[in-house]
Structures are given as structure tokens and as C-alpha cells.
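Going by the numbering used here, the sequence shown opens with residue 9, and the numbers climb by one from there.
Cβ coordinates follow ideal geometry from the N, Cα and C atoms, glycine included.
What follows is a single structure, written as C-alpha cells, with notes after it.
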Amino acid sequence: MPNEHPTEADVTSPPRILFCNCTYAQVVPPEVKAAVLRKLCESGAAFDAVADLCELSARQDPVLHQLAAGGRVKIAACYPRAVKWLFAAAGSPLPPDSTEVLNMRVASAEEVAAALFNVAVMPNLSPAKAPPATATAPQTAPVQT
9 MPNEHPTEAD
19 VTSPPRILFC
29 NCTYAQVVPP
39 EVKAAVLRKL
49 CESGAAFDAV
59 ADLCELSARQ
69 DPVLHQLAAG
79 GRVKIAACYP
89 RAVKWLFAAA
99 GSPLPPDSTE
109 VLNMRVASAE
119 EVAAALFNVA
129 VMPNLSPAKA
139 PPATATAPQT
149 APVQT
């Protein structure tokens, strides 16, 4: 069971960083991806890079489970809701209280890199919602004849 109360080491040690190159969908501007990847490489920070999160999700790759279960994580990819559901579809839901997804589709490379190198994780995944209640047929008033 994960520790519900983070230790000081959990909060001060850098979170894991995951970079998605979005190789197949190609929805992230190439210049943003290239600049973020260059900044990661130049920083000397440890990070994981994957060719495409969509592909990993489709294959239910075990690396997604390792990332989801590995504590605090920052993911440079696309929309947080898309990343959340890619992990969920692979059977490896991300913990909403310790995951920050940085959207390279709309943010600049400078904004993404600054957030990646900040030790604080700013969680931005919505918590899981309960499944919708089963729909029932509307009640109609008896027809008088």
C-alpha cells in the first residue's frame, strides 16, 4: 500500500520525469518537443523517454504500471485528461495527488522545462469519478381515459 503521508525525502527528492515524443500521433509541435528534449538532455536530470504513450497504452506496456506505481511523476506529453485515460486504459491509473502532466501541445518549451525542473509536483489530474448511475426509464403519469 502506498504511503498516504509523504516523507520529507518524498517531497524534496526530484520526481520521476517522463517525456513522450508523440512519434505516431504527431499532435505536439515538433519544435516544442525538440526544445524540451534538448533541455532535459542538457540538464543532466534523470528522465525516461518513450516514443509514444498512445502506443504503450494500446500494448498495455508494463512500463506504464511502473511509472504509475513509482511515486511522484511529471509527464511531458499532451492534455492531462488524455494522459490520464491512456494510463487507465492500460490498467495502470495514475495517482491524481502525485502526478503532474505538462501539455506540450499548448505550453511553450520554456514553460514545460521550468515545470519539469521544479522539484514540487503540482497535481493536475482530476480524481477518478464514480461510474454513472444506470439510467432508468422515466416515470410517466398514468393516462386517464
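Among the options, which one has its Cα closest to the Cα of residue i?
i	options	result
Arg-89	Pro-104, Leu-75, Val-81	Pro-104
Cys-86	Ala-128, Arg-113, Val-127, Val-40	Arg-113
Ala-128	Glu-50, Ser-106, Val-35, Glu-118	Ser-106
Phe-125	Pro-135, Ala-59, Val-44, Asp-69	Val-44
Asp-56	Val-81, Ala-115, Glu-63	Val-81
Ser-116	Pro-37, Phe-27, Leu-26	Pro-37
Ala-96	Glu-39, Leu-26, Pro-135	Pro-135
Quick one: residues in its chain with C-beta nearer than 6 angstroms to the C-beta of residue i, no 5 flanking neighbours on either side, listed in chain order?
i	result
Ser-100	Leu-72, His-73, Ala-76
Ser-21	none
Lys-47	Ala-121
Leu-94	Leu-61, Ser-65
Pro-23	Arg-80, Val-81, Lys-82, Val-129
Ile-25	Phe-55, Lys-82, Leu-124
Could you give the residue range of the alpha helix (DSSP H) that holds residue i?
i	result
Cys-62	61-66
Val-91	88-97
Val-120	117-125
Helix, strand or coil: which one does DSSP assign to residue i?
i	result
Cys-49	helix
Ala-76	helix
Val-35	coil
Asn-114	It is worth fixing the name first, because residue 114 is Val in this sequence and not Asn. In the structure shown, Val-114 sits in coil (DSSP, three-state: anything other than H, G, I, E or B).
Val-129	coil
From which residue to which residue does the beta strand (DSSP E) around residue i run?
i	result
Ala-54	Here Ala-54 belongs to no beta strand (DSSP E), and DSSP marks it neither H nor E.
Val-81	81-85
Cys-28	24-28
Within a Cβ cutoff of 7 angstroms, which residues of the same chain sit near residue i, ignoring the five residues on either side of it in sequence?
i	result
Thr-133	First, the amino acid is wrong: residue 133 is Leu here, not Thr. Closer than 7 angstroms at the Cβ level, and outside the excluded window around Leu-133, lie Pro-88, Lys-92, Leu-102, Pro-104, Thr-107, Val-109.
Gln-68	Ala-98, Gly-99
Glu-50	none
With a threshold of 8 angstroms on Cβ separation, who are the neighbours of residue i within its own chain once the five nearest residues in sequence on each side are excluded?
i	result
Val-35	Cys-86, Arg-113
Lys-41	Asn-29, Cys-30, Met-112
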